[in-house]
Amino acid sequence: MTVKIYTTEWCHFCKEAKKFFNENNVKFTEIDVGKNQQAAEEMIEKSGQMGVPVIEIEGQIIVGFDRNRIKKALKM
Numbered sequence: 006m007t008v009k010i011y012t013t014e015w016c017h018f019c020k021e022a023k024k025f026f027n028e029n030n031v032k033f034t035e036i037d038v039g040k041n042q043q044a045a046e047e048m049i050e051k052s053g054q055m056g057v058p059v060i061e062i063e064g065q066i067i068v069g070f071d072r073n074r075i076k077k078a079l080k081m
């Protein structure tokens, strides 16, 4: 399963999402949009949002740390 999380260093909910993934043994790729302008533009194009976290699970975009939507997308 492909999981990406667009983050920034200072984002509390990004840290919570990464903690959730780690606690549930979900492998993910973290993309820091604070350090990568091209990635920030990609995130905005995919989600229509400028805020983080933006989580992509198998092509499904979830804006924010929505635990229930994440679980559903991960089939937990």
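All residue numbers for the sequence shown refer to the numbering used here, where the first residue is 6 and numbers rise by one.
A virtual CB, placed ideally from N, CA and C, is assigned to each residue, including glycine.
From a predicted model like this one, the values you see are computed outputs, not experimental measurements.
Across which residues does DSSP place V8 in a beta bridge pair?
Numbered from its first residue, the sequence shown carries residue 8 at position 3. For V8, which the question treats as bridged, DSSP gives the partners I62.
Is the beta carbon of T13 less than 8 angstroms from the beta carbon of V68?
Here the question's residue 13 lines up with position 8 in the sequence shown. Here the question's residue 68 lines up with position 63 in the sequence shown. It is not a contact, given that the beta carbons lie outside the stated cut-off.
Near N41, which residues of its chain fall below 7 angstroms by C-beta distance, leaving aside the five closest residues on each side in sequence?
Taking the first residue of the sequence shown as position 1, residue 41 is located at position 36. Within the same chain, N41 has no close Cβ partners at all.
May I ask you to report which of helix, strand or coil DSSP gives E14?
Counted from its first residue, the sequence shown places residue 14 at position 9. In this structure, E14 counts as coil in the three-state DSSP scheme.
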